[in-house]
Structures are given as structure tokens and as C-alpha cells.
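Converting from the sequence shown to my numbering requires adding 248 to each position, the first position being numbered 1. Glycine included, each C-beta is placed from N, C-alpha and C at the ideal position. Some notes on the structure that comes next.
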Amino acid sequence: MKTMLLSDLIIMRRNLSQMVAMCFIIVIIIAVAMNNTLAPIGGCFGAMIPLLYLFSIASYDEMNNWQSFRLTLPTSRKDVMIGRYMSIIIVAIISAVIGVAVSYLVGFVASLIGTQTGAEFGDMWNYTSPTGDFLSTLTLATNPPELIVGSSIGGAAMALFLSAITLPLVAKMGLTKGVRLVPLVGVVIFLIVLAAFGEGGPLAVYVPDVIQWVLSDDSAFVWIIVGGTLAVVVLYFISMIAALKLYKTREF
Numbered sequence: 249m250k251t252m253l254l255s256d257l258i259i260m261r262r263n264l265s266q267m268v269a270m271c272f273i274i275v276i277i278i279a280v281a282m283n284n285t286l287a288p289i290g291g292c293f294g295a296m297i298p299l300l301y302l303f304s305i306a307s308y309d310e311m312n313n314w315q316s317f318r319l320t321l322p323t324s325r326k327d328v329m330i331g332r333y334m335s336i337i338i339v340a341i342i343s344a345v346i347g348v349a350v351s352y353l354v355g356f357v358a359s360l361i362g363t364q365t366g367a368e369f370g371d372m373w374n375y376t377s378p379t380g381d382f383l384s385t386l387t388l389a390t391n392p393p394e395l396i397v398g399s400s401i402g403g404a405a406m407a408l409f410l411s412a413i414t415l416p417l418v419a420k421m422g423l424t425k426g427v428r429l430v431p432l433v434g435v436v437i438f439l440i441v442l443a444a445f446g447e448g449g450p451l452a453v454y455v456p457d458v459i460q461w462v463l464s465d466d467s468a469f470v471w472i473i474v475g476g477t478l479a480v481v482v483l484y485f486i487s488m489i490a491a492l493k494l495y496k497t498r499e500f
């Protein structure tokens with residue numbers, strides 16, 4: 249497992265650095281253009297990089313028939329699949345950490361600019377306080393730590409959720425064929441959730457209480473992130489068990 253884990257990360261090391269640089273440029277443009285909170289920065293880093301990594305490394309498997317040649321090496325199919333799952337988790341964790349770091353960096357710069365006076369920057373840069381209009385929502389004063397950290401973790405959790413749906417299909421059919429079924433699986437999951445929580449569903453009775461709790465409790469956001477992340481981690485490992493069984497019977 250360790251061999252395959254290191255193999256995936258080494259193969260993708262150059263691509264990962266390019267993904268981080270590309271994501272950095274994108275989130276900075278989004279943050280400044282939207283002039284919203286710092287949450288999209290961490291969320292984008294946490295979600296984009298693991299998903300780009302997933303589809304990039306899966307496409308490498310089909311290049312020059314590497315996935316078939318790999319099975320001739322002294323490693324088992326179980327090691328191959330566990331290594332793939334573990335590498336995505338590592339990339340997701342690192343991406344979330346980078347998202348938090350970049351969020352704080354942008355927040356620090358926005359706070360620094362916001363405290364400058366118009367005399368220092370000229371009339372067009374008339375920032376008299378961090379509570380001014382432009383960049384005010386990007387300062388650390390308006391973005392609590394739980395928002396910055398929670399958005400990054402939430403983005404990584406979303407990436408792991410999508411990976412949990414995609415990886416078993418890729419393990420059975422490969423990326424080219426398996427990715428075609430991902431939207432179908434997503435729609436099925438959406439319909440199941442809609443049927444469970446929609447009008448007349450078995451869980452519909454709890455919806456008003458949950459909405460009231462979210463609107464009235466300041467700590468609700470934290471609990472949603474923590475609970476959602478734990479649920480995704482459980483789903484991820486269930487997905488790994490399913491992928492192991494599917495990959496074991498796959499014919500190349």
C-alpha cells in the first residue's frame with residue numbers, strides 16, 4: 249500500500265504544484281471580484297485540488313496501459329486501491345491546510361490595506377478603516393476562525409464525497425467508462441435525499457427543527473461541518489471496501 253501511495257504522489261508531484269498555483273490565482277480573482285467572505289477561498293482549495301488530482305491520476309492509469317502493467321509488479325490489487333484512496337485523503341488534508349493558510353494571508357493583506365489612509369495611497373485608494381466598502385468583508389475582523397477553517401474542511405469533505413461516488417465506478421470500469429455513470433449516481437442520491445426529507449418523507453418532520461436550530465444557534469455551522477465531515481469519512485471508507493471488491497474482479 250505504501251508503495252502505491254508514494255507512486256501516485258510522485259507521479260502527480262508536478263501536476264499538484266500546477267494545481268495549487270492555478271487554484272491560487274482563481275480564488276484570489278474570485279475573492280476580490282465578489283468582495284464576499286474568505287469562505288470561498290478555503291472551500292475552493294479544499295475541493296478543487298483533490299478532485300483535479302482524482303481525475304488526473306485516474307487518467308494516468310489509462311495512459312500507455314499503465315494500470316495493466318502495474319499489476320505485473322510485486323503488489324496486490326488491494327494495495328493499489330488502498331494506496332489510491334489514501335493518497336486522495338492526504339491531498340485533501342493538505343489542500344484544506346493550504347486553503348486555511350491562503351485565507352489568513354488574504355485576510356491579513358485585506359486588513360492591512362483597510363487600515364491605510366487615503367494620503368498614503370492617493371484618493372483612489374481611500375481606505376480609512378477595515379470596515380470600509382471595498383475589501384471590508386475580506387478582513388480577519390469580519391471572518392471568524394471557524395468560518396475560515398470550516399469552509400476549508402467543508403470543501404475537502406465535498407471532494408471526498410464525490411471521490412467516494414466516483415472511485416468504485418472507476419475501479420470497476422476505468423475512468424473513461426466509469427465517469428459516465430457518476431452523474432447518474434449523483435441524481436439517484438439526490439432523489440433519495442429528496443424523498444427522505446421532502447414533503448411526506450420519513451425525515452420531513454425534523455426539517456423545521458433543523459432550520460430553526462441553524463438560524464438560532466451560532467455554533468450550528470461548526471456542528472454541521474463536523475457532523476458532515478464525519479459522515480463523509482465513514483462513507484469514504486465504505487466506498488473503499490466496495491471498490492476493493494469491484495477491483496478484485498475486474499478484467500483488463
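{"query": "Tell me the DSSP secondary structure of Ser304 in three-state form.", "result": "helix"}
{"query": "With distances taken from CA atoms, which of Val435, Val275, Ile297 and Thr387 is nearest Ala405?", "result": "Ile297"}
{"query": "What are the uninterrupted segments assigned as alpha helix (DSSP H) that are 4 or more residues long and contained completely in the segment 276–351, given in chain order?", "result": "287–310 and 314–318"}
{"query": "Would you check if the distance between the CB atom of Ala295 and the CB atom of Ala407 is smaller than 9 angstroms?", "result": "yes"}
{"query": "Taking DSSP as the reference, what is the three-state secondary structure of Asp457?", "result": "helix"}
{"query": "Can you tell me whether Asp465 is buried or exposed? The criterion is at least 16 other CB atoms within 10 Å of its CB, across all chains shown.", "result": "exposed"}
{"query": "How would you label Pro416, buried or exposed, when you count the other beta carbons within 10 angstroms and need 16 or more for buried?", "result": "buried"}
{"query": "For Ile336 versus Ser411, is the C-beta spacing smaller than 9 angstroms?", "result": "yes"}
{"query": "Is Arg261 helix, strand or coil by DSSP?", "result": "helix"}
{"query": "Which value, in whole angstroms, describes the spacing of the CA atoms of Arg325 and Ile437?", "result": "28 angstroms"}
{"query": "Residues in its own chain within less than 7 angstroms of Cys271 by CB, not counting five upstream and five downstream?", "result": "Cys292, Phe293, Met296 and Ile297"}
{"query": "Along the chain, where does the alpha helix (DSSP H) containing Gly434 start, and where does it finish?", "result": "Val430 to Phe445"}
{"query": "Give me the Cβ distance between Gly398 and Phe469, rounded to the nearest whole Å; I'm assuming they're in contact under 8 angstroms.", "result": "6 angstroms"}
{"query": "Looking only at its own chain, which residues have a Cβ that is under 6 angstroms from the Cβ of Met488, when we skip the five neighbours before and after it?", "result": "Tyr333"}
{"query": "Do Ile289 and Val268 have their C-beta atoms within less than 9 angstroms of each other?", "result": "no"}
{"query": "Going straight from the alpha carbon of Gly402 to that of Leu254, what length do you get?", "result": "26 angstroms"}
{"query": "From what residue to what residue does the alpha helix (DSSP H) around Ser400 run?", "result": "Pro393 to Gly426"}
{"query": "Do the segment 344–358 and the segment 382–396 touch if we need at least three Cβ pairs shorter than 8 angstroms?", "result": "yes"}
{"query": "Does DSSP classify Ser487 as helix, strand or coil?", "result": "helix"}
{"query": "Is Gly475 helix, strand or coil by DSSP?", "result": "helix"}
{"query": "With a cut-off of 9 angstroms, does the C-beta of Leu451 fall near any C-beta of chain B?", "result": "No chain B appears in the structure shown, which is made up of a single protein chain."}
{"query": "According to DSSP, is Met270 helix, strand or coil?", "result": "helix"}
{"query": "Less than 8 angstroms between the CB atoms is what I'm expecting for Ala287 and Leu395, so what's the real figure, rounded?", "result": "6 angstroms"}
{"query": "Excluding the 5 residues preceding and the 5 following Ile486 in the sequence, name in chain order all residues of the same chain whose CB lies nearer than 7 angstroms to its CB.", "result": "none"}
{"query": "Please classify Phe356: does DSSP put it in a helix, a strand, or coil?", "result": "helix"}
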